[in-house]
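Participant: Here it is, the structure in full.
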Amino acid sequence: CGATCLHAPWQRCWNEEGVPVSEDTQQQIIRETFHLVSKRDENVCNFLEGGLLIGGSDNKLIYRHYATLYFVFCVDSSESELGILDLIQVFVETLDKCFENVCELDLIFHVDKVHNILAEMVMGGMVLETNMNEIVTQIDAQNKLEKSEAGLAGAPARAVSAVKNMNLPEIPRNINIGDISIKVPNLPTFK
């Protein structure tokens, strides 16, 4: 990828022209990335040239290995390796704070939240925010908004229930407005 992007099963990838990469190619990129990163000795640095599918020497893979998880960013060759390592550290610490001891299952079952956290940090290939407290504050605000909107999903059912419990006057069967006469059909009762 031509911009900072997280290579993981939940991240889409596109080429430098903005053309989406096919699912098959994405899977090949993930396999190649895994092969390049997982085979490295723990005593070597955490960045390397991208593979053939990733763009070769034009791109770099920068990663951190935490327990059973690899967090890998693919960046162009002009990016600071140490800056991206710090970004990965902030990303993982933020995940840990938001999920209270993050694990692989959190990343699998809460992909939307992972995307939200990453979007607070990086957008359009540009690092926007690295202050973990600010990121968590914004994520908490999003979570509160989602919870308040979840209440809206039940609003139609509550409205029907409220109408059922109301004592409405008898609806007139014939309504005359000037030259217009409207006959209202018999409606079934809600009760």
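Here the UniProt record's numbering is used: the first residue of the sequence shown is 1, the next is one more, and so on.
We put the beta carbon where it would ideally sit given N, CA and C, even for glycine.
1) Using C-beta distances below 6 angstroms, list every residue in its chain close to Arg12, excluding the 5 sequence neighbours before and after it, in chain order.
2) State the DSSP-derived secondary structure class of residue 194, mapped to helix, strand or coil.
3) Would you say the stretch 29-36 touches the stretch 56-72, given that touching needs at least three Cβ pairs under 8 angstroms?
4) So, with DSSP's three-state summary, where would you put Asp24?
5) With a floor of 4 residues, list each alpha helix (DSSP H) that falls wholly inside the UniProt domain "AP complex mu/sigma subunit" (20-145), ordered by position along the chain.
6) For Ser148, write down the residues that DSSP places opposite it in a beta bridge.
7) Are the beta-carbon atoms belonging to Phe87 and Val122 less than 9 angstroms from one another?
8) According to the neighbour-count rule (16 or more other Cβ atoms, all chains shown, within 10 Å of its Cβ), is Thr25 buried or exposed?
Facilitator: So, from the listed chains and residues:
1) Here the model assigns Arg12 a pLDDT of 46, short of 50, so the residue's position is not dependable and the matter cannot be decided.
2) Residue 194 lies beyond the range of the chain shown here (1 to 191); nothing can be said about it.
3) Touching, yes, given that three or more Cβ pairs across the two stretches are closer than 8 angstroms.
4) Here Asp24 sits in helix by DSSP.
5) If you keep only unbroken alpha helix (DSSP H) runs of at least 4 residues inside the UniProt domain "AP complex mu/sigma subunit" (20-145), you get 23-38, 81-99, 104-109, 111-121.
6) In the DSSP assignment, Ser148 forms no beta bridge with any residue.
7) Rather than Phe, the amino acid found at residue 87 in this sequence is Leu. Yes, these two residues count as a Cβ contact at 9 angstroms.
8) Classification of Thr25: exposed, given that the 10 Å Cβ count is below 16.
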